[in-house]
Amino acid sequence: MLAAQRRRHEQFLLPIELEVPVLALACTPDDVWAGGSGGVAHWRVDTQWRPCSGSPPLTGITTLAVCGDRLLAGGVEGVAYSYNGGQSWFRGAMQEGLASVTSLVASPDFLYDHVALLGTLESGILRSDDGGSSWRSSQFGLQSFEITALFWADREIVLAATPDGLYRSPNAGRAWKAVPDLSDLSIVALARSSNMDLLAAGEQGALYLSHDNGRHWDRCQDVPEGVQPVALDITDQDTLLLGCARNGLLRRDHVSQSWSQVLPVVPLVFAHQDGRIYSGTSTGLWVSTDDGQSWQALPYPPLYDLHQLVMHKTRLLGIGTQTGMLRYDPGHGWCPVLQGAPIIETASISERDVLCAATTQGLYRSDDGGVDWQMVGGSAPLQMTKMSVCADGFGLGMSMNPPCLLRTCDAGQQWQQLPSPFGILPVVALVAEATLAIAVTYDPRLYRARIWHSLGRGDTWAAGLEISTTWATIAMCQQPLMLVIGNTLLRHEGWGQWQRVHFAGEEEALDEVRKVLAIDDHLLFLTTKGLFLVSLDAHTCMCVRKHTHDMQMIDIVCIGQQCYGLLAGGDVISML
Numbered sequence: 006m007l008a009a010q011r012r013r014h015e016q017f018l019l020p021i022e023l024e025v026p027v028l029a030l031a032c033t034p035d036d037v038w039a040g041g042s043g044g045v046a047h048w049r050v051d052t053q054w055r056p057c058s059g060s061p062p063l064t065g066i067t068t069l070a071v072c073g074d075r076l077l078a079g080g081v082e083g084v085a086y087s088y089n090g091g092q093s094w095f096r097g098a099m100q101e102g103l104a105s106v107t108s109l110v111a112s113p114d115f116l117y118d119h120v121a122l123l124g125t126l127e128s129g130i131l132r133s134d135d136g137g138s139s140w141r142s143s144q145f146g147l148q149s150f151e152i153t154a155l156f157w158a159d160r161e162i163v164l165a166a167t168p169d170g171l172y173r174s175p176n177a178g179r180a181w182k183a184v185p186d187l188s189d190l191s192i193v194a195l196a197r198s199s200n201m202d203l204l205a206a207g208e209q210g211a212l213y214l215s216h217d218n219g220r221h222w223d224r225c226q227d228v229p230e231g232v233q234p235v236a237l238d239i240t241d242q243d244t245l246l247l248g249c250a251r252n253g254l255l256r257r258d259h260v261s262q263s264w265s266q267v268l269p270v271v272p273l274v275f276a277h278q279d280g281r282i283y284s285g286t287s288t289g290l291w292v293s294t295d296d297g298q299s300w301q302a303l304p305y306p307p308l309y310d311l312h313q314l315v316m317h318k319t320r321l322l323g324i325g326t327q328t329g330m331l332r333y334d335p336g337h338g339w340c341p342v343l344q345g346a347p348i349i350e351t352a353s354i355s356e357r358d359v360l361c362a363a364t365t366q367g368l369y370r371s372d373d374g375g376v377d378w379q380m381v382g383g384s385a386p387l388q389m390t391k392m393s394v395c396a397d398g399f400g401l402g403m404s405m406n407p408p409c410l411l412r413t414c415d416a417g418q419q420w421q422q423l424p425s426p427f428g429i430l431p432v433v434a435l436v437a438e439a440t441l442a443i444a445v446t447y448d449p450r451l452y453r454a455r456i457w458h459s460l461g462r463g464d465t466w467a468a469g470l471e472i473s474t475t476w477a478t479i480a481m482c483q484q485p486l487m488l489v490i491g492n493t494l495l496r497h498e499g500w501g502q503w504q505r506v507h508f509a510g511e512e513e514a515l516d517e518v519r520k521v522l523a524i525d526d527h528l529l530f531l532t533t534k535g536l537f538l539v540s541l542d543a544h545t546c547m548c549v550r551k552h553t554h555d556m557q558m559i560d561i562v563c564i565g566q567q568c569y570g571l572l573a574g575g576d577v578i579s580m581l
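Read in order, the letters of the sequence shown are residues 6 to 581 in the numbering used here.
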């Protein structure tokens, strides 16, 4: 009953309506899937986009493919597959460990042989014989292990493009041989015309044509001078579409052979669906129904990679690795702040309302809620993965390059390097208070988390409790100071000592916890399954909302009794 009452008090905030890159596309006659830095989104013609909230266990989707009854997705951390159109996902097992996927193709006989190939950024080509469940190295004869494109030319013929030339496999990707005509040429894209001719685009702007399934190639008409191809497509009417890094989308008419620009944005990927041509671009998704002559922008797919909400005074901020930092203004919606900043790793806000944002190129600091920013660190930019700043200006951060511990005593204006006791282990949680600092490291080889504490503002550290867990996300709240490690809830008893807390229903509420918040005498747990409210006095638990496949919550913040929940894809709801 309470869960139903709470659901009635939920309200969507105005949606994000900002440009979002579409890096991957896959189509069936009725459906379109788009992939990007925020996961996968699904769209049915003449309906609305919906995030595939059971998002793949991957960072940054770079390629998608519909293979029989499966949807395959490749990303920075490997490959995943779904049997239900993206509502739930399973990670593909990779013999070589994690690999960054650049391309994915399936056999023309996939329904019978279940064969698919992956191109990777650093591990060459991987092959699956079981529909994508498992993958193993398949690069006999391959000399270049950075794959820029894969193309299945015939039942057994596969082409692999690399920065060092083109490779051809005559046996469905089991072995490879360099193509002499294109040796030492950087090939970025491949396509096929209706008469079965193959076309390859070189990074320097040249096009190459093959009439014999890729054995031999001849240079054909060049594209206009100075362009840099990034994507290639041939329509059903043999019109050539060329996506270029600086010149947008160029179209070559198959009759006049003349080139014209038809889109000013950078096309990254193409897909076809019953006379429609879709182009995923640097700014969103476009569609053409007239052989690429004119294009219409579709609504932005919910691919925003927001992963963190922050309250600055009474203002809500959203933070994403690629999306950057956004500020919510009631009545106006979301607007970007810290514009032009590189990839954001983490952010922290002190009780004196100083906002710090750590990016891959340095640390930025704002005293006015993100209106004005200053870069901290001067000629030696600070790169942090974790950061915490408390009320009196004391704070700690973990630097990436070089790996070290940093301390500030003036709310982030200046930072001092300290000896780190953590070695090579990553710090997955960090909190700085006036008289106490807590850090949690995680050993992915042994699946163990260890709690550390410092009573000397980071000068010295003591190793404490160690807990085994395969769930590497550590949830922490500060008042009272509590930790969730795996399925264990711990309360700080002082001086680095911890007491385990038990309550009825903890098996469900402590399963894969993403975040924990303290609200009066209750704890609010956000897990991969739902939202749970725990009474610290009565030691009872109740579920206040269950996640559904189209409403998966990934972060929460609260101010007083008002809570905000971040959904996969970038939507935010308010909850009382």
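Every residue, glycine too, gets a C-beta built ideally from N, C-alpha and C.
All figures in this text were calculated on a predicted structure; none of them were measured in a lab.
Kindly indicate the opening and closing residues of the alpha helix (DSSP H) around LEU116. Position 111 of the sequence shown, counted from the first residue, corresponds to residue 116. First-last of the alpha helix (DSSP H) with LEU116: 115 to 118.
Which residues in the same chain as ASP415 place their Cβ atom closer than 8 Å to its Cβ, once the five residues preceding and following it in sequence are excluded? Locating residue 415 in the sequence shown gives position 410, counting from the first residue. Answer for ASP415: GLY398, listed in chain order.
Taking only the alpha-carbon atoms, compute the straight-line gap between VAL381 and MET556 and give it to the nearest angstrom. The residue labelled residue 381 in the question sits at position 376 within the sequence shown. The residue labelled residue 556 in the question sits at position 551 within the sequence shown. Going from the Cα of VAL381 to the Cα of MET556 covers about 38 Å.
Leaving out five residues on either side along the sequence, give the residues of the same chain with a beta carbon under 7 Å from the beta carbon of ALA8. Within the sequence shown, residue 8 is the residue found at index 3, counting from 1. Its pLDDT being 45, under 50, ALA8 is placed unreliably by the model, and the measurement read from it follows with that caveat. Within the same chain, ALA8 has close Cβ partners CYS548, VAL549 and ARG550.
Go ahead and label GLY402 buried or exposed: buried means 16 or more other beta carbons lie within 10 angstroms of its beta carbon, across all protein chains shown. Position 397 of the sequence shown holds residue 402. Under this definition GLY402 is a buried residue.
Taking 6 Å as the limit between beta carbons, can you name the residues of its chain near GLN421, skipping five residues before and five after? Counting from 1 along the sequence shown, the entry for residue 421 is found at position 416. Counting only Cβ-Cβ distances below 6 Å, and skipping sequence neighbours, we find ARG412.
Alpha carbon to alpha carbon, what distance is there between ASP243 and LEU164? Position 159 of the sequence shown, counted from the first residue, corresponds to residue 164. Position 238 of the sequence shown, counted from the first residue, corresponds to residue 243. Near 21 Å, if we compare the C-alpha coordinates of ASP243 and LEU164.
Quick check: the Cα distance between VAL359 and ILE578, rounded to an integer number of angstroms? The sequence position of residue 359 within the sequence shown is 354, counting from 1. The sequence position of residue 578 within the sequence shown is 573, counting from 1. Straight-line Cα distance between these residues: approximately 25 Å.
CB GLY43 to CB LEU273, shorter than 8 Å? Locating residue 43 in the sequence shown gives position 38, where the first residue counts as 1. Locating residue 273 in the sequence shown gives position 268, where the first residue counts as 1. No, they are not a contact pair.
Classify SER404 as buried or exposed, calling it buried when 16 or more other Cβ atoms lie within 10 Å of its own Cβ. In the sequence shown, counting from the first residue as 1, residue 404 sits at position 399. Buried, because 16 or more other Cβ atoms sit within 10 Å of the Cβ of SER404.
Alpha carbon to alpha carbon, how far is VAL25 from GLY469? Give it in angstroms, no decimals. Position 464 of the sequence shown, counting from 1, holds the residue named residue 469. Position 20 of the sequence shown, counting from 1, holds the residue named residue 25. Going by the C-alpha atoms only, they are around 44 Å apart.
Alpha carbon to alpha carbon, how far is ALA437 from GLU471? Numbered from its first residue, the sequence shown carries residue 437 at position 432. Numbered from its first residue, the sequence shown carries residue 471 at position 466. When rounded, the distance between both Cα atoms is 20 Å.
Taking the C-alpha atoms as reference points, what is the distance between ILE490 and THR475? On the sequence shown, position 485 is the one that residue 490 refers to. On the sequence shown, position 470 is the one that residue 475 refers to. Cα to Cα, ILE490 sits roughly 10 Å from THR475.
Nearest to VAL71 (by Cα), restricted to the options ILE152, ASP159, VAL81 and ALA85: Taking the sequence shown and counting its residues from 1, the one referred to as residue 71 is at position 66. The residue with the shortest Cα to Cα distance from VAL71 is ALA85.
Mapping DSSP to helix, strand and coil, what is LEU187? Start at 1 with the first residue of the sequence shown, and residue 187 comes out as number 182. LEU187 falls in the helix class under three-state DSSP.
Alpha-carbon spacing of ASP134 relative to TRP140, whole angstroms: Start at 1 with the first residue of the sequence shown, and residue 134 comes out as number 129. Start at 1 with the first residue of the sequence shown, and residue 140 comes out as number 135. Approximately 8 Å between the Cα atoms of the pair.
Taking 8 Å as the CB-CB cut-off, is GLY499 touching chain C? The structure shown has no chain C; it contains just one protein chain.
Nearest residue (CA-CA) to GLY565, options ALA509, LEU531, ASP525 and LEU571: As a working mapping, residue 565 is identified with position 560 in the sequence shown. Among ALA509, LEU531, ASP525 and LEU571, the Cα nearest to that of GLY565 belongs to ASP525.
Residues bridged to ASP560 [DSSP beta-bridge criterion]: Taking the first residue of the sequence shown as position 1, residue 560 is located at position 555. Answer is LEU571.
Tell whether a beta-carbon distance below 8 Å holds between LEU63 and GLY83. Here residue 63 is taken as the residue at index 58 of the sequence shown, counted from 1. Here residue 83 is taken as the residue at index 78 of the sequence shown, counted from 1. In contact: LEU63 and GLY83 (Cβ atoms closer than 8 Å).
Buried or exposed by the 16-neighbour rule on C-beta atoms within 10 Å, applied to LEU103: The sequence position of residue 103 within the sequence shown is 98, counting from 1. Classification of LEU103: exposed, given that the 10 Å Cβ count is below 16.
Pair every Cβ in the region 284 to 298 with every Cβ in the region 324 to 337, then say whether three or more of these pairs are closer than 8 Å. no
Straight-line Cα distance separating THR465 from LEU410: Counted from its first residue, the sequence shown places residue 410 at position 405. Counted from its first residue, the sequence shown places residue 465 at position 460. Taking the straight line from one Cα to the other gives about 11 Å.
Could I get the ranges of all uninterrupted alpha helix (DSSP H) runs contained in the region 38 to 69, with 4 residues as the minimum, in chain order? none
Specify, as a first and last residue, the run of the alpha helix (DSSP H) that GLU511 falls within. Locating residue 511 in the sequence shown gives position 506, counting from the first residue. Element bounds for GLU511: 511 to 514.
Separation of ALA194 from VAL27, as counted between CA atoms: Residue mapping note: residue 27 aligns to position 22 of the sequence shown, counting from 1. Residue mapping note: residue 194 aligns to position 189 of the sequence shown, counting from 1. Cα to Cα, VAL27 sits roughly 17 Å from ALA194.
Taking all protein chains shown into account, do 16 or more other C-beta atoms lie within 10 angstroms of the C-beta of GLN10, making it buried, or fewer, making it exposed? Counting from one through the sequence shown, the residue named residue 10 turns up at place 5. In this prediction, GLN10 has a pLDDT of 44, which is less than 50 and means its spatial position is unreliable; what the coordinates show is noted afterwards. So GLN10 ends up on the exposed side.
With distances taken Cα to Cα, identify the nearest neighbour of SER265 among ASP238, ARG332 and PRO229. Residue 265 sits at position 260 when you count from the first residue of the sequence shown. Selected option, being the one with the closest Cα: PRO229.
Where THR107 and VAL81 are concerned, what is the direct C-alpha to C-alpha distance, given to the nearest angstrom? Counted from its first residue, the sequence shown places residue 107 at position 102. Counted from its first residue, the sequence shown places residue 81 at position 76. One C-alpha to the other measures close to 8 Å.
Applying the 10 Å Cβ sphere with the 16-neighbour rule, what's the burial state of MET201? Stepping through the sequence shown from its first residue, residue 201 is reached at position 196. It counts as exposed.
Which residues in the same chain as GLY535 place their Cβ atom closer than 6 Å to its Cβ, once the five residues preceding and following it in sequence are excluded? Reading the sequence shown from its first residue, position 530 is the one you call residue 535. Result list for GLY535: CYS548, ARG550, LYS551 and HIS552, in chain order.
Three-state secondary structure (DSSP) of ARG220: Here the question's residue 220 lines up with position 215 in the sequence shown. Looking at ARG220 - three-state DSSP - the assignment turns out to be coil, as it is neither helix nor strand.
Cβ separation of ILE130 and GLY178, assumed to be a contact under 8 Å, to the nearest whole Å: Here residue 130 is taken as the residue at index 125 of the sequence shown, counted from 1. Here residue 178 is taken as the residue at index 173 of the sequence shown, counted from 1. Confirmed, Cβ separation roughly 6 Å.
Whole angstroms is fine: what's the gap from ALA454's alpha carbon to ALA514's? Here residue 454 is taken as the residue at index 449 of the sequence shown, counted from 1. Here residue 514 is taken as the residue at index 509 of the sequence shown, counted from 1. Taking the straight line joining both Cα atoms gives about 20 Å.
Just curious, the beta strand (DSSP E) that ALA437 is in, first and last residue? On the sequence shown, position 432 is the one that residue 437 refers to. From DSSP, the beta strand (DSSP E) with ALA437 extends over 432 to 437.
Which one of GLY285, PHE156 and ILE192 has the shortest CA to CA distance from TRP38? If you number the sequence shown from 1, residue 38 lands on position 33. Nearest C-alpha to TRP38: GLY285.
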